[in-house]
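**Student:**
Number of protein chains: 2
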Amino acid sequence: MARPNRKEEIFKTALALMRVHGYRNTSMRDIAGALNMEAPSLYNHISSKEDLLWQTCTRIAGAFEKGIAEVNDIYFNPQEKLGMAIRFHIEVLTHDLDASYVFVHEWRHLQSELRDALIVRRDRYEAAFREILAQGESEGVFVDSDNKFALLTILSSLNWVVEWYRPDGDMSPSQIANQLTEFILNGLNKHHNYVR
Amino acid sequence: MARPNRKEEIFKTALALMRVHGYRNTSMRDIAGALNMEAPSLYNHISSKEDLLWQTCTRIAGAFEKGIAEVNDIYFNPQEKLGMAIRFHIEVLTHDLDASYVFVHEWRHLQSELRDALIVRRDRYEAAFREILAQGESEGVFVDSDNKFALLTILSSLNWVVEWYRPDGDMSPSQIANQLTEFILNGLNKHHNYVR
DNA sequence: CCTACCGATCGGTAGG
DNA sequence: CCTACCGATCGGTAGG
Chain A
1335 MARPNRKEEI FKTALALMRV HGYRNTSMRD IAGALNMEAP SLYNHISSKE DLLWQTCTRI
1395 AGAFEKGIAE VNDIYFNPQE KLGMAIRFHI EVLTHDLDAS YVFVHEWRHL QSELRDALIV
1455 RRDRYEAAFR EILAQGESEG VFVDSDNKFA LLTILSSLNW VVEWYRPDGD MSPSQIANQL
1515 TEFILNGLNK HHNYVR
Chain B
1335 MARPNRKEEI FKTALALMRV HGYRNTSMRD IAGALNMEAP SLYNHISSKE DLLWQTCTRI
1395 AGAFEKGIAE VNDIYFNPQE KLGMAIRFHI EVLTHDLDAS YVFVHEWRHL QSELRDALIV
1455 RRDRYEAAFR EILAQGESEG VFVDSDNKFA LLTILSSLNW VVEWYRPDGD MSPSQIANQL
1515 TEFILNGLNK HHNYVR
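Going down the list, the sequences are from chains A and B.
Mind the numbering: the first sequence is residues 1335 to 1530 in my numbering, read in order.
Mind the numbering: the second sequence is residues 1335 to 1530 in my numbering, read in order.
#1: Return the CA-CA distance between N1512(A) and A1433(A), expressed in angstroms with no decimal places.
#2: Is it buried or exposed for Y1528(B), if we count other Cβ within 10 angstroms and need 16 for buried?
#3: Can the beta-carbon of L1485(A) be found closer than 8 Å to that of F1463(A)?
#4: Tell me the rounded alpha-carbon separation between R1530(B) and S1446(B).
#5: Got a sec: which bits of the region 1482-1501 of chain B sit with their beta carbon under 7 Å from any beta carbon on chain A, in order along the chain?
#6: Around the Cβ of K1400(A), are there at least 16 other Cβ atoms within 10 angstroms (buried) or fewer (exposed)?
#7: Mind listing which residues of the region 1382-1402 of chain A have their C-beta closer than 8 Å to chain B's C-betas, in chain order?
#8: For R1363(B), which residues of its own chain have a beta-carbon under 7 Å away from its beta-carbon, when the five flanking residues on both sides are left out?
#9: DSSP three-state label for F1476(A), please.
#10: To the nearest angstrom, how far is it from the Cα of P1501(B) to the Cα of R1353(B)?
#11: For chain A, find out if any of its Cβ atoms is closer than 8 Å to the Cβ of F1517(B); answer yes or no.
#12: Taking just the CA atoms, how far does L1444(A) sit from G1396(A)?
#13: In the structure shown, what three-state DSSP assignment does N1481(A) receive?
#14: How many whole angstroms separate the CB atoms of V1475(A) and L1431(A), which I take to be in contact at a CB cut-off of 8 Å?
#15: Mark F1410(A) as exposed unless 16 or more other C-beta atoms lie within 10 angstroms of its C-beta, in which case mark it buried.
#16: Determine whether the beta carbon atoms of F1422(A) and V1405(A) lie at a separation below 8 Å.
#17: Could you tell me whether any Cβ in chain A is nearer than 8 Å to the Cβ of N1359(B)?
#18: DSSP on I1453(B), reduced to helix/strand/coil?
#19: In chain A, what lies closer than 8 Å to L1514(B) by C-beta?
#20: I want to see whether chain B comes within less than 8 Å of G1356(A), judged by CB atoms only; does it?
#21: Distance, Cα to Cα, G1470(B) vs P1412(A)?
#22: Beta-carbon within less than 6 Å of K1415(A)'s beta-carbon, same chain only, minus the 5 sequence neighbours each way: which residues are those?
#23: Starting from P1412(B), trace the alpha helix (DSSP H) in both directions and tell me its first and last residue.
#24: Sorted by chain position, which residues of the same chain lie with C-beta nearer than 8 Å to E1460(A)'s C-beta, five sequence neighbours on each side aside?
#25: For A1403(A), count neighbouring C-beta atoms within 10 Å of its own C-beta (all shown protein chains included) and say buried if the count is 16 or more, exposed if not.
#26: Using a Cβ-Cβ cutoff of less than 7 Å, which residues in the same chain neighbour A1366(A) once the five nearest sequence positions on both sides are dropped?
Put into structure tokens, the structure is as follows:
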């Protein structure tokens, strides 16, 4: 009876359901039903419902961290750095859309200790992004913006991609990254400021 | 015993709780407790938990619609139009942050008929925004972008404001609107395209 | 992997 | 505005 990747099947099914209906609106019975099982059988493969969410969040958070670390290792030019950071971010989001969507929307449902741990990691990630903006400013290639504000605006436009991206849609992840990079670099470009 | 604005107090308390804990994680007992009442007493003032969400969503949706209609009535220049549309949008979001936050995050928990009605209204709002971008393109003042893409990117950066705006923070709603407008107009400005 | 089942909690009603 | 209470549903356990 034991299937090799039953655990993965459970995660995949659960995340697909949670993306559509939300974490709280997806019951263990829903997940089991989609796999032709009974709810208690799920506990032979996973430890709790919350663990489904937690494992997913840490996995995605880890992917983001790996991306930003790579950017800082390889690139020096702030524009290139920002462009690659955007590219990695979009790659993570689009590579496993169900997991990313659940991560972005449902992490609040974790217990406070787990949630706090994620917030720390998110803040660290945002600080690394912000560092790129600060570097661009000090080198005189980005406008002197309110760093925090610019960062929030940039990340919001990146994260919103989970709302409308479709693997079979018009734009590939790479094209999305290109367009967003162009849009954002225009917004930051020191020598081309739009004057009202 | 009857207090004049008990209904409003219930809405206000419920939305504040739902913003922090989410719709599903806020029980009628939680809401009642915060008002020193018992849960069944709430039903003398409201009809259902879902109605709290529905009334809130329609109210905010109406405010957005009023804003975009006003913009289209008064302004002709596409840059001005876009700037004012951004300004109204930010005003609605910041004017009642609890309600806006709940609207943005929790509308999915409505029954399908109500949810569908909101989607129709949202699509209409987005179409009006998009019309402004199309006008700017045809007049040659905005870059020829993928309209849908540009629109999603713009609205995402606007809606993300509910995540970080604090009434007692550094930036006023007006300053936020100014910064976002500048950032977005730079991104769209035809004659100042950043070239990679 | 299942049956049987538990304690907790939910939105909401009856009746006053 | 309250007490008493309902039927439904939840995550999860016991035991096999």
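Note that the Cβ used here is the ideal one computed from N, Cα and C, for glycine as well.
**Tutor:** Working from what's here:
#1: 23 Å
#2: Residue placement at Y1528(B) is flagged as unreliable, the pLDDT there being 44, under the threshold of 50; the coordinate-derived value follows with that caveat. The residue is buried, with at least 16 neighbouring Cβ atoms inside 10 Å.
#3: Cβ distance < 8 Å, so L1485(A) and F1463(A) count as in contact.
#4: Confidence at R1530(B) is low in this model, with a pLDDT of 37, below 50, so the placement of that residue is unreliable and no value is reported for it.
#5: F1483, L1486, T1487, S1490, S1491, W1494, W1498
#6: exposed
#7: none
#8: A1373
#9: strand
#10: Rounded to the nearest angstrom, the two C-alpha atoms are 15 Å apart.
#11: It does: the Cβ of F1517(B) has a partner Cβ on chain A nearer than 8 Å.
#12: 17 Å
#13: helix
#14: The pair is not a contact, with the Cβ atoms about 33 Å apart (cut-off 8 Å).
#15: exposed
#16: The answer is yes: Cβ separation under 8 Å.
#17: yes
#18: helix
#19: T1487
#20: yes
#21: 31 Å
#22: Only V1405, Y1409, I1466 meet the Cβ criterion.
#23: 1412-1429
#24: L1485, L1489
#25: exposed
#26: E1372, A1373, S1375, L1376
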